[in-house]
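39 is the number that the numbering used here gives to position 37 of the sequence shown; each next residue is one higher, with no gaps. Don't be surprised by glycine CBs; every beta carbon is placed ideally from N, CA and C. Just so it is clear, the structure is predicted and the values come from calculations on it, not from any experiment. To start, the structure itself, in structure tokens.
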Amino acid sequence: MSAYVAKTNKPGYEEAAEVQEHRIRITLSSRNPKSLEKVCADLVHRAKDKSLKVRGPVRLPTKQLVITTRKSPNGNGSKTYDRFEMKIHKRLIDLVSPSEIVKQITSISIEPGVEVEVTIAN
Numbered sequence: 003m004s005a006y007v008a009k010t011n012k013p014g015y016e017e018a019a020e021v022q023e024h025r026i027r028i029t030l031s032s033r034n035p036k037s038l039e040k041v042c043a044d045l046v047h048r049a050k051d052k053s054l055k056v057r058g059p060v061r062l063p064t065k066q067l068v069i070t071t072r073k074s075p076n077g078n079g080s081k082t083y084d085r086f087e088m089k090i091h092k093r094l095i096d097l098v099s100p101s102e103i104v105k106q107i108t109s110i111s112i113e114p115g116v117e118v119e120v121t122i123a124n
């Protein structure tokens, strides 16, 4: 959507440069859901303070990585197994804003263990 800019030929009136808005998708992933939700809440709160269009956080399906191993090291003894699993939680946040404002929003202190991926689409 473009804004209407009135053109005048009078001196002293410069044309207002249109600010190009980008669609920005922020993908957050972590093994700890509490720290992930905290970072999501901070990002959404900062974006709403700047009066941006925010969609999310969208909760994506949790990936469960499972490894099953034998307990006995040499193969003798009872056949008992250990099952180890790691869950990876993901969230998506969509913003519509100029790229300069996104730098200000994403400059928050991010919890350790939370990975952030920012993609910009026009």
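Using beta-carbon positions only, say whether residue i and residue j come within less than 8 Å of one another.
{"i": "V116", "j": "S37", "result": "yes"}
{"i": "E102", "j": "V41", "result": "no"}
{"i": "I90", "j": "T64", "result": "yes"}
{"i": "P100", "j": "E39", "result": "no"}
Determine the DSSP secondary structure at residue i, reduced to helix, strand or coil.
{"i": "E117", "result": "strand"}
{"i": "S37", "result": "helix"}
{"i": "D44", "result": "helix"}
{"i": "K55", "result": "strand"}
Could you tell me which of the options sits nearest to residue i, measuring between CA atoms?
{"i": "E87", "options": "E102, R93 and I69", "result": "I69"}
{"i": "Q106", "options": "R48, E119, V60 and V118", "result": "R48"}
{"i": "R25", "options": "K52, V56, S32 and E39", "result": "V56"}
{"i": "I110", "options": "Q22, A43 and V60", "result": "A43"}
{"i": "V66", "options": "S74, K50 and R85", "result": "It should be pointed out that residue 66 corresponds to Gln in this sequence rather than to Val. For the residues S74, K50 and R85, the minimum Cα distance to Q66 belongs to R85."}
Quick one: measure Cβ to Cβ for residue i and residue j, integer angstroms, because I've assumed they're closer than 8 Å.
{"i": "R93", "j": "L30", "result": "5 Å"}
{"i": "L45", "j": "I95", "result": "6 Å"}
Run the proximity test for residue i: is its beta-carbon closer than 7 Å to any non-hydrogen atom belonging to the ligand GTP?
{"i": "V98", "result": "In the structure on display, the ligand GTP does not appear, and there are no ligands present to speak of."}
Enumerated in chain order, which unbroken segments of the alpha helix (DSSP H) with a length of 4 residues or greater are wholly contained in the region 74-114? 101-107
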